[in-house]
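Residue 49 in UniProt numbering sits at position 49 of the sequence shown, and the numbers go up by one each step.
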Amino acid sequence: MHKYIFGAFINLMFMMGAQAEMLELRGELTQGSLLRGSAPSGSEIWLNGKPILISDDGHFAFGFSRDAELEHQLTWRDPEGNHHEKNIKLTSREYDIQRIEGLPSKMVSPPQEVLDKIRQDNVQVASARSRRDVRTDFSQDFIWPAQGPISGVYGSQRVLNGQPKRPHYGVDVAAPTGTPVYAPADGVVTLFVPDMYYSGGTMIIDHGLGVSSTFLHLSKGLVKEGDTVKQGQLVAEIGATGRVTGAHLDWRMNWMNVRIDPALLVPKR
């Protein structure tokens, strides 16, 4: 992971008694990225005019979607009431687009009889991701939750019979059913459902301030909703549940409702 301390921030020191402090950000300046930062306790921060949640000790995070605009404005007010601004410029990304023709219609769109199940699944996931706990587990250096070849990447998309499907918002790790899944960072389990229509065994771990991990296609969950987990703790097993063609882990991450790329938070493979 690359670390950025904006040069302009270095010149905008916050004088706190005899100490000088600055706002710091780390993360990759690109679409799909999660930026994590710290500021003097008591600061307030806005991204494009919208307030950002910040912990009592000054830690915060914000993310950018797959197709986010490339220019953004970060504004903050230090504990002495002084306002500061900095423009953030992201790099654009290119994504793999795969076109497949001649598929049976039932493989392109779900049958009518399962739509209620899909809606119920979506409600459960949205509820689990709605937590805004003032915890800072997200500030850890994340680890890979499973070992195996990377079989799918963030941002890729399929066009089936000429119909664009939703982009893939996770990173896929191919491994046999029963392969261990570990917590990539500390957190609280907010959901485990063994049989969602698309994603099969589905688990969500909240890392604080709207940052969460989601694991899909699990064969088994080894922790339950409400459990606190530590980084590296065994939480589940890889499976082939839901709509899949083989056993793998689909690891996804969110900041609030923004889908971010987990691969940008872990060592490259």
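Built from N, CA and C at the ideal position, the CB exists for glycine as well.
Assigned exposure category for residue i - 16 Cβ within 10 Å defines buried
{"i": "Thr91", "result": "exposed"}
{"i": "Val123", "result": "exposed"}
{"i": "Gly246", "result": "exposed"}
{"i": "Arg99", "result": "exposed"}
{"i": "Ala175", "result": "buried"}
{"i": "Gln31", "result": "buried"}
{"i": "Leu115", "result": "exposed"}
{"i": "Leu103", "result": "Note that Leu103 scores 49 on pLDDT, short of 50, meaning its location in the model is unreliable; the coordinates nonetheless yield the value given after this. By the 10 Å Cβ count, Leu103 comes out exposed."}
Residue i and residue j closer than 8 Å at C-beta
{"i": "Gln140", "j": "Tyr182", "result": "no"}
{"i": "Leu35", "j": "Leu23", "result": "no"}
{"i": "Val235", "j": "Val223", "result": "yes"}
{"i": "Met203", "j": "Gly242", "result": "no"}
{"i": "Ser55", "j": "Thr136", "result": "yes"}
{"i": "Gly187", "j": "His207", "result": "yes"}
{"i": "Gln157", "j": "Tyr95", "result": "yes"}
{"i": "Arg93", "j": "Tyr169", "result": "no"}
{"i": "Val189", "j": "Gly148", "result": "no"}
{"i": "Ser43", "j": "Asp67", "result": "no"}
{"i": "Ile238", "j": "Ser219", "result": "yes"}
Inter-residue spacing [alpha-carbon to alpha-carbon] between residue i and residue j
{"i": "Pro145", "j": "Lys50", "result": "32 Å"}
{"i": "Arg166", "j": "Val153", "result": "13 Å"}
{"i": "Pro262", "j": "Leu209", "result": "17 Å"}
{"i": "Gln73", "j": "Ser130", "result": "25 Å"}
{"i": "Gly200", "j": "Phe192", "result": "10 Å"}
{"i": "Glu69", "j": "Leu265", "result": "21 Å"}
{"i": "Ile118", "j": "Glu80", "result": "50 Å"}
{"i": "Met268", "j": "Ala128", "result": "The sequence shown places Lys at residue 268, rather than the Met named in the question. Rounded to the nearest angstrom, the two C-alpha atoms are 29 Å apart."}
{"i": "Val134", "j": "Met253", "result": "18 Å"}
{"i": "Phe215", "j": "Ile150", "result": "15 Å"}
{"i": "Met256", "j": "Ser65", "result": "11 Å"}
{"i": "Thr177", "j": "His248", "result": "8 Å"}
First and last residue of the uninterrupted beta strand (DSSP E) at residue i
{"i": "residue 291", "result": "Residue 291 lies beyond the stretch modelled for the chain, which goes from 1 to 269, so this question has no answer here."}
{"i": "Gly152", "result": "150–152"}
{"i": "His59", "result": "59–63"}
Unbroken alpha helix (DSSP H) run spanning residue i, endpoints
{"i": "Ser127", "result": "115–128"}
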